[in-house]
Amino acid sequence: IFPDDAESASHLLSYADTAMYRAKQQGRNDWRFYTADMTRAAVEHLALVEALRTALDENSLTQLYQPQYDCNTGLPVGVEALARWARPGGNNLGPRRFITLAEQAGLARRLDRWSLEAACKQLRSWLEEAHDPGRVSVNLSIHSLTDDTLPEAMEAVLREYAIPPHHLQVEIKELALLSERPAAKDCLQALISLGIDIAVDDFGSGYAALEYLRALPVTTLKIDAAFMHGVPADEEQTIIANTVIAMGRALGMSVVAKGIESAEQADFIRHQHGVQGQGYYFSRPLNPEQVGALLD
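And the structure:
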């Protein structure tokens, strides 16, 4: 606002643009007055974006793998690949903020491709050491799944590292958005044709999701950890978990329960027969060497 924030038109317009950007970050139909803190935050944001771009250029990201278990046998049946960014000086970003930053900076596709190749390269290393982790799940954003070059790129990576397609699984989250985009459905169908499984992550947000399942070629449901938090003591959450499990079975899908953190939750899943579990009760995310030791 003139003259409190600035006197020149160029500075006022620049600050107004900064305030508009902050309002957009908060969602639609919002507004913000400019403050000096916004400029500092914008500068920090741009520095983080540049650092992430450099990390991708220099291949300095890391990837951890969280095991998924057959609750009846107690044996690992797969791992989920989780990208991590260990920044110099130990000032690391949490996974959620790190992924959000990539989305905001237009780097989501690059991050997805990096994660995919890193997972396939690591899987080849495990297989050569006679360690079979089962399937390796890689999270892909809607930006990748609306990219018509993705199936060809995935086929090339599988071929480069001699990975049997059944070892690879793609996890998706934006189910509603994907169902409205024909290109995404075509992309998923092409991945299925390659022999790659498709998993819906964080499923359980309501009956409307059933229509999206019917519209997309999904093979696995992962129950949202939020709906496992109170199981089995919380009756409502237990009903939701049972409903998702029954839905998955009725549609011929595999079911994985996320967020298993207690013996009671693991026992609940064990009694579902065939439902797999993932969470800190079984294992934290591990580095590749720890996964290899687990598979010995």
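Numbered according to my numbering, the sequence shown spans residues 0 to 295.
Backbone N, C-alpha and C define an ideal beta-carbon position, used for all residues, glycine too.
For this session: Over the uninterrupted alpha helix (DSSP H) stretch that includes residue 263, give me the two end residues.
Result: On the sequence shown, position 264 is the one that residue 263 refers to. Start and end: 262 to 269.
For this session: Count the CB pairs spanning the segment 111 to 127 and the segment 148 to 165 that are closer than 8 Å, and state whether there are at least three.
Result: yes
For this session: Flag this pair as touching only if the segment 215 to 234 and the segment 253 to 264 have three or more C-beta atom pairs under 8 Å; answer yes or no.
Result: yes
Exercise. Using DSSP with H/G/I as helix, E/B as strand and the rest coil, what is residue 133?
Worked result: As a first step, residue 133 is located in the sequence shown; it is residue number 134 there, counting from the start. Note: residue 133 maps to coil in three-state DSSP.
For this session: Write down the C-beta distance between residue 135 and residue 166 rounded to the nearest angstrom, noting that I regard them as a contact closer than 8 Å.
Result: The residue given as residue 135 occupies position 136 in the sequence shown. The residue given as residue 166 occupies position 167 in the sequence shown. Confirmed, Cβ separation roughly 6 Å.
For this session: Can you grab the Cα-Cα spacing for the pair residue 237 / residue 190, in whole Å?
Result: Within the sequence shown, the letter at position 238 stands for residue 237. Within the sequence shown, the letter at position 191 stands for residue 190. About 33 Å.
Problem set entry | Cβ-Cβ distance between residue 66 and residue 281 below 8 Å | Within the sequence shown, numbered from 1, the residue matching residue 66 stands at position 67. Within the sequence shown, numbered from 1, the residue matching residue 281 stands at position 282. It is a contact, given that the beta carbons lie within the stated cut-off.
Exercise. For residue 205, which residues from the same chain have a beta carbon less than 8 Å from its beta carbon, with the 5 sequence-adjacent residues on both sides left out?
Worked result: One-based indexing of the sequence shown puts residue 205 at position 206. Residue placement at residue 205 cannot be trusted, given a pLDDT of 49 that sits under 50; the coordinates are not used to answer.
For this session: Tell me whether residue 281 sits in a helix, a strand or coil according to DSSP, three-state version.
Result: For this step, residue 281 is matched to residue 282 along the sequence shown. Note: residue 281 maps to coil in three-state DSSP.
Exercise. Measuring CA to CA, which of 108, 122, 75 is closest to residue 138?
Worked result: What you label residue 138 is simply residue 139 of the sequence shown in a count that begins at 1. When only C-alpha atoms are compared, the closest one is 108.
Exercise. In the segment 157 to 227, which residue ranges form an unbroken alpha helix (DSSP H) of at least 4 residues, counting only runs that do not cross its ends?
Worked result: 174 to 178, 181 to 192, 207 to 214
Problem set entry | Beta-carbon spacing of residue 227, residue 264 below 8 Å | Position 228 of the sequence shown, counted from the first residue, corresponds to residue 227. Position 265 of the sequence shown, counted from the first residue, corresponds to residue 264. Cβ distance < 8 Å, so residue 227 and residue 264 count as in contact.
For this session: Could you work out which residue in 78, 76, 99 is closest to residue 44 when comparing CA atoms only?
Result: As a first step, residue 44 must be located in the sequence shown, where it is residue number 45. Nearest option by C-alpha distance: 99.
For this session: Can you check DSSP and say which residues form a bridge with residue 253?
Result: In the sequence shown, residue 253 corresponds to position 254, counting from 1. Its beta-bridge partners are 219.
Exercise. Distance, Cα to Cα, residue 105 vs residue 144?
Worked result: If you number the sequence shown from 1, residue 105 lands on position 106. If you number the sequence shown from 1, residue 144 lands on position 145. Each residue's Cα considered, the two are about 14 Å apart.
Exercise. From the DSSP output, which residues share a beta bridge with residue 69?
Worked result: As a first step, residue 69 must be located in the sequence shown, where it is residue number 70. Partner(s): 74, 275.
Problem set entry | Within 8 Å, strictly: CB atoms of residue 75 and residue 64 | On the sequence shown, position 76 is the one that residue 75 refers to. On the sequence shown, position 65 is the one that residue 64 refers to. In this structure, residue 64 does not lie closer than 8 Å to residue 75 by Cβ.
Exercise. Is residue 53 helix, strand or coil when you go by DSSP?
Worked result: As a first step, residue 53 must be located in the sequence shown, where it is residue number 54. Residue 53: helix per DSSP, three-state reduction.
For this session: On the DSSP bridge assignment, give the partners of residue 62 in chain order.
Result: Residue mapping note: residue 62 aligns to position 63 of the sequence shown, counting from 1. 82.
Exercise. Which of the three DSSP states, helix, strand or coil, is assigned to residue 138?
Worked result: In the sequence shown, counting from the first residue as 1, residue 138 sits at position 139. Three-state DSSP puts residue 138 in a strand.
Exercise. Hey, how far is the Cα of residue 53 from the Cα of residue 231?
Worked result: Residue 53 sits at position 54 when you count from the first residue of the sequence shown. Residue 231 sits at position 232 when you count from the first residue of the sequence shown. Distance between the alpha carbons of residue 53 and residue 231 is about 45 Å.
Problem set entry | Separation of residue 83 from residue 94, as counted between CA atoms | The residue you call residue 94 lines up with position 95 of the sequence shown. The residue you call residue 83 lines up with position 84 of the sequence shown. For residue 94 and residue 83, the distance between alpha carbons rounds to 7 Å.
Exercise. Roughly how many angstroms separate the alpha carbons of residue 270 and residue 50, rounded to a whole number?
Worked result: The sequence position of residue 270 within the sequence shown is 271, counting from 1. The sequence position of residue 50 within the sequence shown is 51, counting from 1. Their backbone Cα atoms lie some 47 Å apart in a straight line.
Exercise. Under the rule that 16 or more other beta-carbon atoms within 10 Å means buried, what is residue 85, buried or exposed?
Worked result: Counted from its first residue, the sequence shown places residue 85 at position 86. By the neighbour-count rule (16 or more Cβ atoms within 10 Å), residue 85 is not buried but exposed.
Exercise. Residues in its own chain within less than 8 Å of residue 130 by CB, not counting five upstream and five downstream?
Worked result: Here residue 130 refers to the residue found at position 131 of the sequence shown. Taken in chain order, the residues that qualify are 290, 291, 294, 295.
For this session: Could you tell me if residue 209 is buried or exposed, where buried requires 16 or more neighbouring beta carbons within 10 angstroms of its beta carbon?
Result: To locate residue 209, count along the sequence shown from 1; it is residue 210. Looking at its Cβ environment, which holds fewer than 16 other Cβ atoms inside 10 Å, residue 209 is exposed.
Problem set entry | Euclidean distance between Cα positions of residue 10 and residue 154 | As a position in the sequence shown, residue 10 is number 11, starting the count at 1. As a position in the sequence shown, residue 154 is number 155, starting the count at 1. Summary for residue 10: the model assigns pLDDT 46, below 50, so the residue's position carries little reliability; its value from the coordinates is reported in the next sentence. Looking at the two C-alpha atoms, the distance is approximately 50 Å.
For this session: Determine the DSSP secondary structure at residue 232, reduced to helix, strand or coil.
Result: Translated into positions along the sequence shown, residue 232 becomes position 233. The answer is coil: DSSP assigns residue 232 none of H, G, I, E or B.
For this session: Could you pull out every residue in the same chain whose Cβ sits closer than 7 Å to the Cβ of residue 182, ignoring the five residues on either side in sequence?
Result: If you number the sequence shown from 1, residue 182 lands on position 183. Excluding residues within five positions, the ones whose Cβ falls inside 7 Å are 145, 147.
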